[in-house]
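Visitor: Provided herewith is a single structure, encoded as structure tokens, for subsequent inquiry.
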Amino acid sequence: MAKDRTLYLCRDCGGHTPRWHGRCPHCGAWNSLEETIPAPEPAAGTRGRLSALRQGLAAEGSLARLADIEAADVARTPTGLAELDRVLGGGVVPGAVVLIGGDPGIGKSTLLLQALDALQRAGLPTLYVTGEESGAQVALRARRLGLGDSQVPVLAEIRLEAILATLQQQRPAVAVIDSIQTVYTEQLTSAPGSVAQVRECAALLTRTAKDSGATLVLVGHVTKDGALAGPRVLEHMVDTVLYFEGDAHSSFRLVRAIKNRFGAVSELGVFAMTERGLRGVGNPSALFLSQHREPVPGSCVLATLEGTRPLLVEIQALVDAGGPAPRRLSVGLERDRLAMLLAVLHRHAGIATSDQDVFVNAVGGVRIAEPAADLAVLLAVTSSLRGRALPRGFVAFGEVGLAGEVRPAQRGQERLKEAAKLGMAVAVVPTATLPRKPDAAFQRATEGLALHGVERIEEALEVVRGLDLG
Ligand code: TYD
Ligand code: MG
47 MAKDRTLYLC RDCGGHTPRW HGRCPHCGAW NSLEETIPAP EPAAGTRGRL
97 SALRQGLAAE GSLARLADIE AADVARTPTG LAELDRVLGG GVVPGAVVLI
147 GGDPGIGKST LLLQALDALQ RAGLPTLYVT GEESGAQVAL RARRLGLGDS
197 QVPVLAEIRL EAILATLQQQ RPAVAVIDSI QTVYTEQLTS APGSVAQVRE
247 CAALLTRTAK DSGATLVLVG HVTKDGALAG PRVLEHMVDT VLYFEGDAHS
297 SFRLVRAIKN RFGAVSELGV FAMTERGLRG VGNPSALFLS QHREPVPGSC
347 VLATLEGTRP LLVEIQALVD AGGPAPRRLS VGLERDRLAM LLAVLHRHAG
397 IATSDQDVFV NAVGGVRIAE PAADLAVLLA VTSSLRGRAL PRGFVAFGEV
447 GLAGEVRPAQ RGQERLKEAA KLGMAVAVVP TATLPRKPDA AFQRATEGLA
497 LHGVERIEEA LEVVRGLDLG
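Set out below in structure tokens:
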């Protein structure tokens, strides 16, 4: 159809050309042209609406003090899955577009079907658009989830125009597109799943959602295959970006918010994949601790913070004789930071690992980005190096600087309380996180936890050696 309307847009200079070239005729960049649909001329009606909108914006004296503007809190509808609501910032917001990314098979369709069913049961009109599976397959999943009587309307469709028509007709409050990579528009010649298709289809769906006030959830596969456009190209255009993480070999699934215009980012929802779908895990701390009967060398429990929630995670390290080019590998932690920490360990504590392979791992498939993990990483490394386990119930946190100083971590006291709650016995933490004069409430909350404040990495190692002897 409207192929003559197709334009090619240069990613580098933003110039247009009606035909594809290997090289942009405007700026000369190679391979920078991408197919797009040009924006239609605004219709007369649109122009009228725009001026009405502008009037709404610029009523009487267009400047207003922030304090005088009424900031109505956005209305949210809880999905009924508490862990999902936590990452969304309380529930779904009308007109918001949510992108859920994750590896194939991790549980995106399962989670969204559960959420849609709960919303439908709560009286909200929903719509589940499936492009990956047939209606029968979705129904099978629903039975498996114990939702055989679900009233969620299912549309098996991949043509964008048909999906848009259904959205306009059915006016669902919450619609899921599973997945955005399968949707295509005939207005573009490129294949479904290509960057151009994914971006244009998402843009058009987003516009429809904003116009109708529906919450739109786009599912996107993260793929390593260059031919398929991952959710990355959509991140800027949506309001909320959630990523599914998890170890393929464990049943735990983490949903993390990495962008949220309607809530806090880096909140974490924890689920367990069971025979009957995903179940929220209310108190996840214990999950990320492996169950050693006796303390083992190379293991240190970290009290970390996920969003607003303290979480105990076991950090494991293995230090082993390496070849001429020793390796530094980390799973769930930053590798560059590991290299830096090993340099600090050498320089300030005189412990060399330059001829050793060093591997570190955060147990349970959790990803830790905060620098407060440093101290636990270093203590796990030295424990493995010396072949001596840290004492039973040992926990640590604190950022380690290049000068060897141990810096305070935010919400340190909450981390300590969580550690005490989970039966930890010894904590080595930045001195600055300990209250100067602990009040009765703090003492009660951390009862049974021996607190050791340290200011330098050497000092932390000294405390650990002392515990060995004691
Ligand atoms: P799915 O939601 O299809 O993943 P995605 O949409 O991200 O590709 O999840 C598929 C996996 O989950 C599959 O390996 C089977 C498993 N599963 C369960 O273990 N229990 C269940 O109740 C369901 C529905 C799926
Ligand atoms: Mg799926």
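Letter 59 of the sequence shown, counting from 1, is numbered 105 in this note's numbering, and no numbers are missing. Where is the CB? At the ideal position from N, CA and C, for every residue including glycine.
Say yes only if the C-beta of Glu129 is nearer than 7 Å to one or more non-hydrogen atoms of the ligand NAP, and no if none qualify.
Guide: This structure lacks the ligand NAP; the ligands present are the ligand TYD and the ligand MG.
Visitor: In terms of residue numbering, what span does the alpha helix (DSSP H) encompassing Asp285 cover?
Guide: The residue you call residue 285 lines up with position 239 of the sequence shown. From DSSP, Asp285 is part of no alpha helix (DSSP H); its letter is neither H nor E.
Visitor: At what residues does the alpha helix (DSSP H) containing Cys247 begin and finish?
Guide: Translated into the one-based positions of the sequence shown, residue 247 becomes position 201. Segment Val241 to Ser258, the alpha helix (DSSP H) holding Cys247.
Visitor: For Gly323, which of helix, strand or coil comes out of DSSP?
Guide: Counting from 1 along the sequence shown, the entry for residue 323 is found at position 277. Residue state, collapsed to three classes: strand.
Visitor: Compare the C-alpha of Ser345 against each of Leu251, Val390 and Phe440 and name the closest.
Guide: Working through the sequence shown from its first residue, we reach residue 345 at position 299. When each option's Cα is compared against that of Ser345, the closest is Phe440.
Visitor: Based on Cα-Cα distance, which residue from Gln183, Thr254, Ala248 and Leu348 lies nearest to Arg217?
Guide: Residue numbering aside, residue 217 sits at position 171 when the sequence shown is read from its first letter. Of Gln183, Thr254, Ala248 and Leu348, the residue nearest in Cα terms is Thr254.
Visitor: Along the beta strand (DSSP E) that carries Ala121, what are the first and last residues, could you check?
Guide: Looking up residue 121 in the sequence shown gives position 75. Element bounds for Ala121: n/a, residue is neither H nor E.
Visitor: Take Val474 as the anchor and find which of Gly447, Ala349 and Arg490 has the nearest alpha-carbon.
Guide: In the sequence shown, residue 474 corresponds to position 428, counting from 1. Closest by alpha carbon: Ala349.
Visitor: Buried or exposed: where does Arg65 fall if 16 or more other Cβ atoms within 10 Å of its Cβ makes it buried?
Guide: Taking the sequence shown and counting its residues from 1, the one referred to as residue 65 is at position 19. Classification for Arg65: exposed.
Visitor: What runs of the beta strand (DSSP E), each 3 residues or longer, lie entirely inside the stretch 120-170?
Guide: Correct list: 143-148.
Visitor: Helix, strand or coil, according to DSSP, for Thr63 in the structure here?
Guide: As a working note, residue 63 is residue 17 in the sequence shown. The answer is strand: DSSP assigns Thr63 an E or B state.
Visitor: Pick out every residue whose C-beta is nearer than 6 Å to a heavy atom of the ligand TYD: which are they, in chain order?
Guide: This selection yields Gly148, Pro150, Gly151, Ile152, Gly153, Lys154, Ser155, Thr156, Arg187, Arg190, Leu191, Met319, Glu321, Arg322 and Gly323.
Visitor: Shorter than 8 Å from the beta carbon of Glu80 to some beta carbon of chain D?
Guide: Note that chain D does not occur in the displayed structure, where there is just one protein chain.
Visitor: Could you check which residue in Pro454, Ile226, Val347 and Gly259 has the C-alpha nearest to that of Leu436?
Guide: As a working note, residue 436 is residue 390 in the sequence shown. Comparing Cα positions, the closest option is Val347.
Visitor: Identify whether Phe488 lies in helix, strand or coil by the three-state DSSP scheme.
Guide: Sequence index remark: in the sequence shown, residue 488 carries index 442 (1-based). Helix.
Visitor: Drop a sphere of 10 angstroms on the beta-carbon of Ser430, count the other beta-carbons inside from all chains shown, and report buried for 16 or more, exposed for fewer.
Guide: Residue mapping note: residue 430 aligns to position 384 of the sequence shown, counting from 1. When all chains shown are included, Ser430 counts as buried.
Visitor: Using the beta-carbon count (16 or more within 10 Å), is Val404 buried or exposed?
Guide: Along the sequence shown, read from residue 1 onward, the residue named residue 404 stands at position 358. Buried.
Visitor: Please confirm if the stretch 320-337 is in contact with the stretch 370-377, defined as three or more CB-CB distances below 8 Å between the two stretches.
Guide: Result no; under three Cβ-Cβ pairs closer than 8 Å.
Visitor: Measuring only from the beta carbon, is Glu203 closer than 7 Å to any heavy atom that is part of the ligand MG?
Guide: For this step, residue 203 is matched to residue 157 along the sequence shown. Every heavy atom of the ligand MG is 7 Å or more from the Cβ of Glu203, so no.
Visitor: When the distance is taken between beta carbons, is Ala422 closer than 8 Å to Ala442?
Guide: Indexing the sequence shown from 1 puts residue 442 at position 396. Indexing the sequence shown from 1 puts residue 422 at position 376. Cβ distance < 8 Å, so Ala442 and Ala422 count as in contact.
Visitor: May I ask you to check if the CB of Asp224 is nearer than 7 Å to at least one heavy atom of the ligand MG?
Guide: Position 178 of the sequence shown, counted from the start, is the residue given in the question as residue 224. Yes, since a heavy atom of the ligand MG falls inside the 7 Å radius drawn around the Cβ of Asp224.
Visitor: How close, in whole Å, do the beta carbons of Thr286 and Leu134 come, if the pair is a contact with beta carbons under 8 Å?
Guide: Taking the first residue of the sequence shown as position 1, residue 286 is located at position 240. Taking the first residue of the sequence shown as position 1, residue 134 is located at position 88. Between Leu134 and Thr286 the Cβ distance is about 7 Å, and since that is below 8 Å, they are a contact.
Visitor: By the 10 Å Cβ neighbour count, where 16 or more other Cβ atoms means buried, how is Pro370 classified, buried or exposed?
Guide: The residue given as residue 370 occupies position 324 in the sequence shown. The residue is exposed, with fewer than 16 neighbouring Cβ atoms inside 10 Å.
Visitor: Counting beta carbon pairs with one atom in the stretch 75-83 and one in the stretch 54-64, are three or more of them shorter than 8 Å?
Guide: Touching, per the Cβ criterion.
Visitor: Out of Gly137, Val301, Ala208 and His62, which one is the CA nearest neighbour of Asp119?
Guide: As a working mapping, residue 119 is identified with position 73 in the sequence shown. For Asp119, the nearest C-alpha among the options comes from Gly137.
Visitor: If we call anything under 8 Å between Cβ atoms a contact, is Thr508 one with Ala466?
Guide: The residue labelled residue 508 in the question sits at position 462 within the sequence shown. The residue labelled residue 466 in the question sits at position 420 within the sequence shown. Here residue 508 is Glu; the residue named in the question, Thr, does not match the sequence. Not a contact, by the Cβ cut-off of 8 Å.
Visitor: Please find out if some non-hydrogen atom of the ligand MG comes closer than 7 Å to the beta-carbon of Ser291.
Guide: Within the sequence shown, residue 291 is the residue found at index 245, counting from 1. For clarity, residue 291 is Glu in the given sequence; the question names Ser instead. Because no heavy atom of the ligand MG lies under 7 Å away, the Cβ of Glu291 does not count as near it: no.
Visitor: From the DSSP output, in three-state form, read off Arg355 for me.
Guide: In the sequence shown, residue 355 corresponds to position 309, counting from 1. Note: Arg355 maps to strand in three-state DSSP.
Visitor: Could you check the C-alpha separation between Gln337 and Glu360 for me, to the nearest Å?
Guide: Within the sequence shown, residue 337 is the residue found at index 291, counting from 1. Within the sequence shown, residue 360 is the residue found at index 314, counting from 1. The straight-line gap from Cα to Cα measures roughly 10 Å.
Visitor: Measure the C-alpha to C-alpha separation of Ala487 and Gly315 and round it to an integer number of angstroms.
Guide: Counting from one through the sequence shown, the residue named residue 487 turns up at place 441. Counting from one through the sequence shown, the residue named residue 315 turns up at place 269. In a straight line, the C-alpha of Ala487 is about 29 Å away from that of Gly315.
Visitor: What are the complete alpha helix (DSSP H) segments, minimum 4 residues, inside the stretch 200-240?
Guide: Complete alpha helix (DSSP H) runs here, min 4: 206-216.
Visitor: Determine the DSSP secondary structure at Ala414, reduced to helix, strand or coil.
Guide: Taking the first residue of the sequence shown as position 1, residue 414 is located at position 368. Residue 414 is actually Ile in this sequence, not Ala. DSSP places Ile414 in coil when its eight states are reduced to three.
Visitor: Please report the straight-line C-alpha distance between Thr19 and Gln489, rounded to a whole angstrom.
Guide: Here the chain comprises residues numbered 47 to 516, so residue 19 is not present and cannot be evaluated.
Visitor: Buried or exposed for Gly410, please, with buried defined as at least 16 other CB atoms from any protein chain shown within 10 angstroms of its CB.
Guide: For the purposes of this step, residue 410 is identified with residue 364 of the sequence shown, where counting begins at 1. Under this definition Gly410 is a buried residue.
Visitor: Which term fits Gly292, buried or exposed, when burial requires 16 or more other beta carbons within 10 angstroms of its beta carbon?
Guide: By 1-based counting over the sequence shown, the position of residue 292 is 246. By the neighbour-count rule (16 or more Cβ atoms within 10 Å), Gly292 is buried.
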